[in-house]
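One structure below.
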Amino acid sequence: MEGNGTVAPDLDLSTELCGIPLRHPVINGSGTFDAIAARRAFGDELLDQFPFAAFVSKTITPEPRAGNAPPRLWETPSGLINSIGLPNKGLQGFLEHDLPQLAELPVPLIVSVMGTSHDQFAELVEGVASRDEVAALELNVSCPNVKSGLIIGESPDEARSLLQHLRPLTEKPLVVKLTPNIADPVPVAVAAEEGGADAVSLINTLRAAAVAPGSQRAWLGGGTGGLSGAAVRAVAQAQVGAVAAAASVPVIAMGGIASGRDAAELIGAGARVVAVGTESFRDPAAGSRVAAELGGQLARISG
Ligand SMILES: Cc1cc2nc3c(=O)[nH]c(=O)nc-3n(C[C@H](O)[C@H](O)[C@H](O)COP(=O)(O)O)c2cc1C
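To convert, take the position in the sequence shown, counting from 1, and add 23; that gives our numbering.
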């Protein structure tokens, strides 16, 4: 792993997120950097040159999930559609097998969780938040509530009532990951904050579809998938700006960030922290590079 993105020592990019100190404002997007596989590939060099200031786990669910049938990926001009379908070991598998390995990372750990009811979310929050290794939780709300049929992150009322249910369960920061698949994410962000969220993150992927070449059939095994990468950055720019203007809690911005300039533009729109996602598949050290470039960008703006 190339350490080509080391932050210049004289530049202090340190910040904090909900009281968690970060050595720079660049973290990863959930599900886009497998730190356990990267440790196998790069060994302890990964720990010495860890590209992110905090690590966000892939989303876990209460029970193990196999994920969607293949194919799971489709490349578009400047973007990637994935239909991975949240394969994971489930809460117990995560706590037993993944958490001890993720706890060895040299940065604070944020665990992403997703349930389909208040009770499922509560089980996840209680199971994860009680572990000292965990600094914060991210709630992936891009899923339907089985009781109402509504996608939690698409409904302000659903988001508020979920947060009201979870807030008493832990004092650890709760980050709500907003979906962009809605005309206006601001009412959901405001409702999440009213319910007790400590931060919001956006954007998750945009619903998208691909056609199998030479046919009229869907390419992706899951039918549709989520678009990410450079193609969605302008959407993130607009939504982050709108949410940051309306919310008082810190905003974690993501969506197509591949350079310090991209990161600086989202920080300029009001984000406290940025996350690198799809770009890490091309360059596993992208987080360090973006942080180093961000230092240059911010020095130029303030200078
Ligand atoms: C392959 C892949 C897997 C993802 N898995 C998750 C996930 O498990 N949970 C989640 O909240 N977001 C997931 N995301 C969304 C990313 O965290 C991020 O919000 C989105 O991709 C936009 O950022 P980017 O354009 O920099 O990738 C995934 C994205 C990709 C490309």
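Cβ coordinates follow ideal geometry from the N, Cα and C atoms, glycine included.
The beta carbon of ARG230 sits closer than 7 Å to those of ASN204, THR247 and GLY249, all from its chain and outside the five residues before and after it, given in chain order.
Residue state for VAL164 is assigned as coil, using DSSP reduced to three classes. For PRO44, the enclosing beta strand (DSSP E) stretches over residues 43-45.
Note that the C-beta distance between ALA159 and PRO123 is not below 7 Å.
Judged by the Cβ position, GLY52 qualifies as a neighbour of ligand 1 at the 6 Å threshold, a heavy atom of the ligand being closer than this. Taking C-beta separations shorter than 8 Å and ignoring five residues to either side along the sequence, the partners of PHE304 in its chain run THR55 and LEU103, following chain order. Annotation: the continuous beta strand (DSSP E) that includes VAL136 extends over 132-136. For VAL297, the beta-bridge partners assigned by DSSP are VAL49 and ALA276. For ILE107, the CB falls within less than 6 Å of some heavy atom of ligand 1. Residue pairing by DSSP puts ALA159 in a beta bridge opposite ILE133. LYS200 is bridged by DSSP to ASN163 and SER224. Cβ-Cβ distances below 8 Å link ASP67 to nothing in the same chain once the five nearest sequence neighbours on each side are left out.
At least one heavy atom of ligand 1 sits closer than 6 Å to the Cβ of LYS81. At least one heavy atom of ligand 1 falls within 6 Å of the beta-carbon of THR55.
Separation of the CB atoms of LEU128 and VAL296 is rounded to 17 Å, and the pair is thereby denied contact status at 8 Å. For the pair ASP155 and ALA64, the Cα-to-Cα distance works out to about 27 Å.
In chain order, ALA308, GLY310 and SER311 place their CB closer than 6 Å to the CB of PRO74, counting only its own chain and leaving out the 5 sequence neighbours on each side.
In this chain, the beta strand (DSSP E) harbouring GLY102 covers 102-105. Between the C-alpha atoms of GLY172 and GLU146 there is a straight-line separation of about 20 Å.
VAL199 places its beta carbon less than 7 Å from that of ALA215. The three-state secondary structure of ILE290, taken from DSSP, is helix.
Only residues of its own chain outside the window of five on either side were considered, and among them VAL274, ALA292, GLY293 and ALA294 have a CB closer than 7 Å to the CB of ALA267, listed in chain order. TRP242 is bridged by DSSP to nothing; it lacks a bridge partner. In terms of Cβ geometry, VAL79 and SER135 form a close pair [threshold 7 Å].
The straight-line gap separating the alpha-carbon atoms of LEU321 and GLN260 is approximately 18 Å.
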